[in-house]
Each structure stands twice: as C-alpha cells, then as structure tokens.
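Asks: Residue numbers (the working numbering): 1314 to 1476.
The C-beta atom is built at its ideal place from N, Cα and C for all residues, glycine as well.
What follows is a single structure, and I will ask about it in a moment.
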Amino acid sequence: MTNNSNSDWDATLEKLKGDAFAARVVELIEEFKNVANLARACGLSESVIRKWRDEKSEPSRPNLVKLAYNTGVSLEWLILGDHPKYVNEIDRNAAIRGAGALDRVALHTVLRLLDEALEDRGLRLDADKKAQAIDLLYDLYMETENKDEFDGKKVAKIISLAA
1314 MTNNSNSDWD ATLEKLKGDA FAARVVELIE EFKNVANLAR ACGLSESVIR
1364 KWRDEKSEPS RPNLVKLAYN TGVSLEWLIL GDHPKYVNEI DRNAAIRGAG
1414 ALDRVALHTV LRLLDEALED RGLRLDADKK AQAIDLLYDL YMETENKDEF
1464 DGKKVAKIIS LAA
C-alpha cells in the first residue's frame, strides 16, 4: 500500500467514526417527518431508529440495506456520507409516499390545478369544501401512475361535481 492510499483509508475510517451515521439518520427522520414514518417505511421498529439516531447501537448489514432500499438513498451515502445521496428521485418519492409523508410537490400541483379550475369557472368554495377537494385531489394524484394524465380537465370534472 502506498502512503496516499493509507491516508485515503484513514479519511474514510474517520468518516465512519463519531456521529456521522447518526447525522444521516437524523436527516432521513426529518425527510420522513418523524421516526414513526421512517420506521414504517423501512419495516423497522421505532426503537431501532432511535438507537441509531442516539448512537446507542450500530445497524446490522441487513438493516442498512433495508434502510437504504426503502428510503431510496445509496448505501455509500448512508455508510460513508459521500456519493450521491439518492439512487434516483423515483425511489425517493415512492419511499415518502409509502411512509404516509406529505409530498409537497404533489400538493403544490394539486393546489395549482384546483385554483386554475375554480378561476376558469368563476367558482369559489368555502374553506371546508376546498379542504375536502384538496384532500380528494391529492389522493387521486398520488394514485395516478402517469402524473401527466392528471390535468386540469380531470380536476374540472371533479370540481363541477362539488360545486
């Protein structure tokens, strides 16, 4: 081994020490909004997630794989903190949906489409009806495989039924 590779290995080992893994667990908890959502998404107990977060235990290899797979993050990022964080954006979105966490992009899309449909028809909904419409449209949007198919026309049909 050359001196350069020793220093690279030392740097890698240094990343594994301390609270580096715990910090990444905290990041995932924040993304999933709480420990319960993250645990549910990964099929792990809340206490296991808390122990990792609090640095009271280290994950086994199978649990590391489970955590990475179900959150869409790369194993390299989870273990070392480098490399791209996400395997791909689709895996991340699926993991968030599976955890029951709110997809802010989807919510923004639904709100925009609803507002456009109401404005186009000169309609107003009271707060309760609008909240119900948002809830219904959000669920429909999340269940739609091809998001491009969820457009203003579909929203307009639903609004015409509610108005």
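Confirm, please, whether the CB-CB distance from residue 1339 to residue 1363 is below 8 Å.
Replies: Their beta carbons are not under 8 Å apart, which means residue 1363 does not touch residue 1339 by this criterion.
Asks: Rounding to the nearest angstrom, what Cα-Cα distance links residue 1447 and residue 1434 in this structure?
Replies: When rounded, the distance between both Cα atoms is 17 Å.
Asks: Going by alpha carbons, who is nearest to residue 1474 out of 1385, 1461, 1442, 1337?
Replies: Out of 1385, 1461, 1442, 1337, 1442 has the C-alpha closest to the C-alpha of residue 1474.
Asks: In whole angstroms, what separates the C-alpha of residue 1469 from that of residue 1394?
Replies: Near 46 Å, if we compare the C-alpha coordinates of residue 1394 and residue 1469.
Asks: Just how far apart, CA to CA, sit residue 1456 and residue 1416?
Replies: Rounded to the nearest angstrom, the two C-alpha atoms are 12 Å apart.
Asks: Are the CB atoms of residue 1292 and residue 1390 nearer to each other than 8 Å?
Replies: A question about residue 1292 goes unanswered here, because the residues of the chain that appear run from 1314 up to 1476.
Asks: What does DSSP give as the partner residues of residue 1451 in its beta bridges?
Replies: BP columns for residue 1451 are empty, so no partner.
Asks: Considering only residues of the same chain and omitting the five flanking positions on each side of residue 1430, which have a CB-CB separation below 7 Å?
Replies: Answer for residue 1430: 1465, 1468, 1469, 1472, listed in chain order.
Asks: Going by the DSSP bridge assignment, what does residue 1386 pair with across the sheet?
Replies: Residue 1386 pairs with 1399.
Asks: Can you tell me whether DSSP reads residue 1460 as helix, strand or coil?
Replies: DSSP places residue 1460 in helix when its eight states are reduced to three.
Asks: In the structure shown, what three-state DSSP assignment does residue 1489 receive?
Replies: No statement about residue 1489 is possible, as the shown extent of the chain runs from 1314 to 1476 and does not include it.
Asks: Please work out which residues of its chain come closer than 6 Å, Cβ to Cβ, to residue 1426, disregarding the five sequence neighbours upstream and downstream, and give them in chain order.
Replies: Excluding positions up to five away in sequence, the list reads 1465, 1468.
Asks: Can residue 1450 and residue 1418 be called in contact, C-beta distance under 8 Å?
Replies: The answer is no: Cβ separation not under 8 Å.
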